[in-house]
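Numbering (this note's numbering), first residue to last: 7 to 152. Ideal Cβ positions, reconstructed from N, Cα and C, are used throughout, including at glycine.
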Amino acid sequence: MTRTSRPVRTSTNLRLSSCTLAVHDLDQALGFYRDLLGFEARPAVGPEPGRWASVGPPSQPDVHLLLEPPGTRPGVTPGDRRAIENLLAKGLLGHLVFVTDDCAATFERMAAAGAEVMQEPIDRPGGVRDCAFLDPSGNLLRFVQR
């Protein structure tokens, strides 16, 4: 595929179905996303259920966030796994952005539950307010109120 300066037109309506987030501890991550963020546990898909978990917001039943420990995919070498674990430990792999109706309330709930604060709520240009936390594996979670 070549790069072009004009947008490619398509007749299909593309929607996000799933994305994968690397996590150190599957049970801990599942608890964080289910119990703190209020996500639903969803059936794990794929040939080996149990090696990852699927969660998603109740308001978006077609969206799956796959929580996956490093190196569980076929073909990942021990060296690859160590590299993924090192990047994950530094917080350099995952980044999710959520929309919230109340940034201040989201911040208070997350902070009270002990989530690691990366940024307290601030106002941004264009009428946006946001805050940020790390999940238990070091993935950055940003909460945006428009």
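Exercise. Do the CB positions of residue 124 and residue 98 come within less than 8 Å of each other?
Worked result: Using a Cβ distance threshold of 8 Å, residue 124 and residue 98 do not count as a contacting pair.
Problem set entry | Distance between residue 57 and residue 80 (C-alpha atoms, nearest Å) | Between the C-alpha atoms of residue 80 and residue 57 there is a straight-line separation of about 12 Å.
Problem set entry | Under the three-state DSSP convention, the category residue 86 falls into | In the structure shown, residue 86 sits in a helix (DSSP, three-state: H, G or I).
Problem set entry | Alpha carbon of residue 65 to alpha carbon of residue 87, nearest angstrom | So the alpha carbons of these two residues sit roughly 34 Å apart.
Problem set entry | Same chain, Cβ closer than 8 Å to residue 47, neighbours up to 5 away in sequence not counted | The answer, listed in chain order, is 36, 40, 59, 60, 61.
Exercise. Using DSSP with H/G/I as helix, E/B as strand and the rest coil, what is residue 133?
Worked result: Residue 133 falls in the coil class under three-state DSSP.
For this session: Only counting runs of 4 or more residues, tell me where the alpha helix (DSSP H) segments fall wholly within the stretch 93-135, in order along the chain.
Result: Here the runs fully enclosed are 109-118.
Problem set entry | C-alpha distance - residue 202 paired with residue 20, whole-angstrom precision | Because the chain in this structure spans residues 7 to 152, residue 202 falls outside the shown range and cannot be described.
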